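Colleague: The sequence shown runs 379 to 801 under this note's numbering. Every residue, glycine too, gets a C-beta built ideally from N, C-alpha and C. Since the structure is predicted, the reported quantities are computational estimates derived from the model, not experimental observations.
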Amino acid sequence: MQPRTLLFVVLVAGLVTATGAVTAAPQADSATKTVETTSDTAVSGQTTPANYTRLYIEDQYRNLELKPGESDTVTVTVENGEDEAVTLSPRVATPPTPGQQVVDPSWVSIAPDETTLDADESREIEIDVSVPSDAEIGQYGGMIAFTDETVRYPGRPPQPVHSARVSVDVWQEPTVRIESDTHVYTQLKARGSYTREITVRNTGDEAVPVTPQLSTEDRRRHYPGQRETLDRSWISFDAPSEIAPESTETVEITVAPPADADRGDYSAQVDLGIKDPTRRDDNSYWQEVDLNIQLWTPPEEPFETGFRVSEATTNVSLTLSTHNRPQGDDARPPTDFDVTFVAPDGREVDAERVRVRSSGHVSLGAERRPRMQSSRDETYAAEGGQQQFTYRLDAPQAGQWSVRVMPENTMAFEYDITRNERP
379 MQPRTLLFVV LVAGLVTATG AVTAAPQADS ATKTVETTSD TAVSGQTTPA
429 NYTRLYIEDQ YRNLELKPGE SDTVTVTVEN GEDEAVTLSP RVATPPTPGQ
479 QVVDPSWVSI APDETTLDAD ESREIEIDVS VPSDAEIGQY GGMIAFTDET
529 VRYPGRPPQP VHSARVSVDV WQEPTVRIES DTHVYTQLKA RGSYTREITV
579 RNTGDEAVPV TPQLSTEDRR RHYPGQRETL DRSWISFDAP SEIAPESTET
629 VEITVAPPAD ADRGDYSAQV DLGIKDPTRR DDNSYWQEVD LNIQLWTPPE
679 EPFETGFRVS EATTNVSLTL STHNRPQGDD ARPPTDFDVT FVAPDGREVD
729 AERVRVRSSG HVSLGAERRP RMQSSRDETY AAEGGQQQFT YRLDAPQAGQ
779 WSVRVMPENT MAFEYDITRN ERP
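(1) Is the separation between the beta-carbon of Thr494 and that of Ala463 shorter than 8 angstroms?
(2) As a quick exercise: from Ser780, Gln550 and Ser508, pick the residue whose alpha carbon is nearest that of Asn661.
(3) Please determine if the segment 611-621 and the segment 527-542 are in contact, where contact requires at least 3 C-beta pairs separated by less than 8 angstroms.
(4) If you draw a straight line from the C-alpha of Pro801 to the C-alpha of Arg782, how long is it?
(5) What's the call for Asp654, buried or exposed, on a 16-neighbour Cβ count within 10 Å?
(6) Please return the same chain residues whose Cβ sits closer than 6 angstroms to the Cβ of His701, not counting the five positions on each side in sequence.
(7) Hey, out of Ile671, Thr472, Ile576 and Asn458, whose CA is closest to Val529's CA?
(8) Count the C-beta pairs between the segment 776-794 and the segment 713-724 that are closer than 8 angstroms, then say yes if the count reaches three, no if not.
(9) Quick check on the burial criterion: 16 or more other C-beta atoms within 10 angstroms. Buried or exposed for Ser541?
(10) Please give me, in chain order, every unbroken run of the beta strand (DSSP E) with length at least 3 that falls completely inside the segment 439-513.
(11) Going straight from the alpha carbon of Glu460 to that of Thr525, what length do you get?
(12) Compare the C-beta of Leu433 against all C-beta atoms of chain B and say whether one is closer than 8 angstroms.
(13) For Ser804, which three-state DSSP category applies?
(14) Hey, which unbroken runs of the beta strand (DSSP E) at 3 residues or more fall wholly within the segment 530-568?
(15) The beta strand (DSSP E) spanning Ser741 covers which residue range?
(16) Ordered along the chain, which non-local residues of its own chain (more than five positions away) have a Cβ less than 6 angstroms from that of Ser753?
(17) Excluding sequence positions up to five away, which residues of its chain have a Cβ less than 6 angstroms from the Cβ of Thr581?
(18) Could you check which residue in Gly516, Leu466 and Ser511 has the C-alpha nearest to that of Glu502?
(19) Could you give the residue range of the beta strand (DSSP E) that holds Glu666?
(20) Check each candidate in Glu492, Val507 and Ala497 and name the one with the smallest Cα separation from Val481.
(21) Name the one or two DSSP bridge partners that Gly570 has.
(22) Exposed or buried, what is Asp638 when buried is set at 16 or more other beta-carbons lying within 10 Å of its beta-carbon?
(23) By the DSSP assignment, the beta strand (DSSP E) with Gly516 in it spans what residues?
(24) Where do the N-terminal and C-terminal ends of the beta strand (DSSP E) with Thr647 fall, by residue?
(25) Can you grab the Cα-Cα spacing for the pair Thr675 / Pro587, in whole Å?
(26) What are the start and end residues of the beta strand (DSSP E) that includes Pro785?
(27) Closer than 8 angstroms is the cut-off here; do at least three beta carbon pairs connect the segment 680-689 with the segment 622-641?
(28) Roughly how many whole angstroms lie between the Cα atoms of Glu799 and Thr691?
(29) In whole angstroms, what separates the C-alpha of Thr564 from that of Asn670?
(30) With DSSP as the reference, label Tyr663 as helix, strand or coil.
(31) Any idea which residues DSSP pairs Tyr769 with across the strands?
(32) Could you check where the beta strand (DSSP E) with Tyr434 kicks off and where it finishes?
(33) Under the three-state reduction of DSSP, which class applies to Leu608: helix, strand or coil?
(34) If you count every other CB in all the chains shown that lies within 10 Å of the CB of Ser736, and 16 or more means buried, which is it?
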């Protein structure tokens with residue numbers, strides 16, 4: 379799916395309630411509704427009653443995508459709840475939603491531009507929005523007022539009583555795309571380093587700048603399990619200053635923690651600093667990279683645990699299981715174990731490995747990420763795996779044994795000791 383900004387056209391009847399709120403849909407047992415609104419001079423809580431025409435405006439929630447030069451039409455149904463005729467003269471009104479640019483009235487045409495509704499009559503009003511070809515990318519807003527009736531609140535301009543709110547997002551097809559997975563989850567040994575390559579393609583007709591930087595605020599863990607921000611000194615970038623038109627470049631992000639770094643979970647967010655001329659300036663999430671690193675320290679001594687062997691035991695099997703995050707095309711040293719059994723008399727016995735088992739999980743419904751693919755067939759999404767290493771000790775001497783396990787290239791494992799006994 380191509381990234382894009384959606385247009386939401388939200389048509390809301392009346393006004394949002396506030397102090398002394400007004401509604402465009404009064405109770406059905408009265409021709410007009412008397413409400414109390416705070417006037418612009420009554421800032422101390424004084425109110426004045428006002429009567430408003432009873433019109434029912436159907437709420438509309440539409441998803442609409444408009445590029446410069448495109449147009450589309452939405453329909454709003456207005457019903458007259460009065461017992462006499464009411465004249466409608468729809469027009470573009472201001473102000474729009476705060477924070478939005480104002481929809482230029484020249485973009486909007488309304489049909490009919492004036493009409494009379496008999497008592498209990500309803501009519502469809504067509505609102506056509508035509509975005510000019512030279513319009514700037516961005517979000518625009520305004521209101522469609524159906525009558526001249528307004529309400530005023532302290533500190534705010536007059537608001538139309540009978541209205542539909544219109545919000546328009548103007549977008550263009552992106553010319554810069556990130557072709558790599560931007561969600562990074564990996565395990566890293568202290569004193570080691572990890573590099574992720576992010577491929578960026580520019581299909582536009584002008585060069586775009588690239589200025590990667592760490593954008594996450596520094597934070598510390600305040601409770602177990604919370605991720606800590608990667609230290610800025612651990613991260614380095616190798617990137618071009620710009621990407622030429624119709625070309626592809628690679629941005630390298632390298633994480634290299636020092637030898638004395640504390641083990642644990644770390645995260646950071648990298649802003650690649652890419653400016654796509656077809657995207658809004660406040661739309662940068664598409665080129666942000668999430669880094670999630672689990673830092674661990676290789677052991678200097680083996681893990682050791684004991685187990686008892688009875689006279690009936692014919693053999694002992696030890697199964698070691700590892701769960702590693704998928705790495706895709708990243709080079710990963712193979713996981714291995716150095717296993718030694720220790721007899722009751724202290725004698726060391728080298729374990730015999732008799733089986734290696736690999737397993738994984740494949741989904742036909744999960745999101746497919748480039749780094750998680752084990753096959754060129756895009757139907758399948760590989761979501762990780764497990765390895766099992768089985769060691770056997772035949773005809774063990776009865777008594778208290780122990781086993782020593784030195785892991786290689788894995789930061790976690792499970793063990794299972796099985797004693798097979800004769801009947």
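Modeller: Short version:
(1) Closer than 8 angstroms, so yes.
(2) Nearest of Ser780, Gln550 and Ser508 to Asn661, Cα basis: Gln550.
(3) With a cut-off of 8 angstroms, the segment 527-542 and the segment 611-621 do not count as touching, because too few Cβ pairs lie within range.
(4) Between Pro801 and Arg782, the C-alpha separation is close to 29 angstroms.
(5) Here Asp654 is buried. Its C-beta has 16 or more other C-beta atoms within 10 Å.
(6) Taken in chain order, the residues that qualify are Gln764.
(7) Looking at the Cα atoms, Thr472 is the closest of the given residues.
(8) Contact between the segment 776-794 and the segment 713-724 is present, with at least three C-beta pairs closer than 8 angstroms.
(9) It counts as buried.
(10) List check, beta strand (DSSP E) in window: 449-458, 464-466, 469-471, 486-489, 493-495 and 500-508.
(11) Distance between the alpha carbons of Glu460 and Thr525: 14 angstroms.
(12) In summary, chain B is missing from the structure at hand, where a single protein chain is found.
(13) Because the chain is modelled from 379 through 801, residue 804 falls outside the range shown and cannot be assessed.
(14) The qualifying runs are 541-548, 554-556 and 561-567.
(15) Counting along the chain, Ser741 sits inside the beta strand (DSSP E) bounded by residues Glu730 to Ser741.
(16) Residue placement at Ser753 is flagged as unreliable, the pLDDT there being 43, under the threshold of 50; the coordinate-derived value follows with that caveat. Cβ neighbours of Ser753 beyond the five flanking positions: none.
(17) Excluding positions up to five away in sequence, the list reads Thr553.
(18) Nearest option by C-alpha distance: Leu466.
(19) In the DSSP annotation of this structure, the continuous segment of the beta strand (DSSP E) that includes Glu666 starts and ends at Glu666 to Trp674.
(20) Answer by Cα proximity: Val507.
(21) Gly570 is not bridged to any residue.
(22) Around the CB of Asp638, fewer than 16 other CB atoms lie within 10 Å, so the residue is classed as exposed.
(23) From DSSP, the beta strand (DSSP E) with Gly516 extends over Gly516 to Ala523.
(24) With the sequence shown as reference, residue 647 is identified as Gln, and Thr is not the correct amino acid for it. Note, Gln647: beta strand (DSSP E), Gly642 to Asp649.
(25) So the alpha carbons of these two residues sit roughly 38 angstroms apart.
(26) For Pro785, the enclosing beta strand (DSSP E) covers residues Gly777 to Glu786.
(27) With the cut-off at 8 angstroms, the segment 680-689 and the segment 622-641 do not touch.
(28) One C-alpha to the other measures close to 4 angstroms.
(29) The straight-line gap from Cα to Cα measures roughly 7 angstroms.
(30) DSSP, reduced to helix, strand and coil, places Tyr663 within a helical segment of the structure shown.
(31) Tyr769 is bridged by DSSP to Leu696 and Arg731.
(32) From DSSP, the beta strand (DSSP E) with Tyr434 extends over Leu433 to Ile435.
(33) Three-state result, Leu608: coil.
(34) That one is exposed.
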